[in-house]
Amino acid sequence: MSHDSAASLLDLFRLEVEAQAEVLTSALLDLERRPFEASQLEQGMRAGHSLKGAARIVNLDVGVRITHAIEDCFVAAQHGRVTLGSEHITALLAATERQRREEVRVQLAAEVTRLNDRLRDLEADGTQGPLLVEIRPFVSSLTENIVALENAVAR
2 MSHDSAASLL
12 DLFRLEVEAQ
22 AEVLTSALLD
32 LERRPFEASQ
42 LEQGMRAGHS
52 LKGAARIVNL
62 DVGVRITHAI
72 EDCFVAAQHG
82 RVTLGSEHIT
92 ALLAATERQR
102 REEVRVQLAA
112 EVTRLNDRLR
122 DLEADGTQGP
132 LLVEIRPFVS
142 SLTENIVALE
152 NAVAR
């Protein structure tokens, strides 16, 4: 897959996470007030399903597992096997937030890759020698900071 294709998939993933996390959060907050609201159970299940598909497309295994569990909770509630109480809602909201953090982690990893690819391209070009001497420490520092931030977000 080309760098541009990967970048556009990540952009689509980011947009999907933003949109579906909002739907999911809204459904969960409504279910806290009305735990048997079928339309909110359906919206939450569909949002979880969409998030799972988006995570699968960008090979984000932890995201697939998180959203699969979210989807399963909604399906169980739809079929009457569980009533989503406040403890379930809290856990599902936390899982939704975790999915948002995973989306940020994916973006950060893509940015590190993009910076390193660009630096390699400049080195291969050979015409930017003096500029590379100045840029290399900056890119290395930026990469380290992005990785540190990525690790903090993953926690």
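In terms of this note's numbering, the sequence shown opens at residue 2 and continues consecutively. Even glycine gets a Cβ: it sits at the ideal position worked out from N, Cα and C. Since we're looking at a predicted model, the values are computed, not measured.
Within the model, the alpha-carbon separation for R66 versus K53 is close to 8 Å.
Rounded to the nearest whole angstrom, the CA to CA distance from H69 to E112 is 27 Å. Excluding residues up to 5 positions away in sequence, A55 and V59 lie with their Cβ nearer than 6 Å to the Cβ of F14 in the same chain.
If you look at L109, you'll find it in the alpha helix (DSSP H) that goes S87 to D126. The alpha-carbon separation between D12 and A20 amounts to approximately 12 Å.
The alpha carbon of M46 has as its nearest neighbour, out of S9, C74 and V63, the alpha carbon of C74.
Nearest Cα to A39 within the set S9, T114 and H80: H80.
Assigned with DSSP and collapsed to three states, V24 falls in helix.
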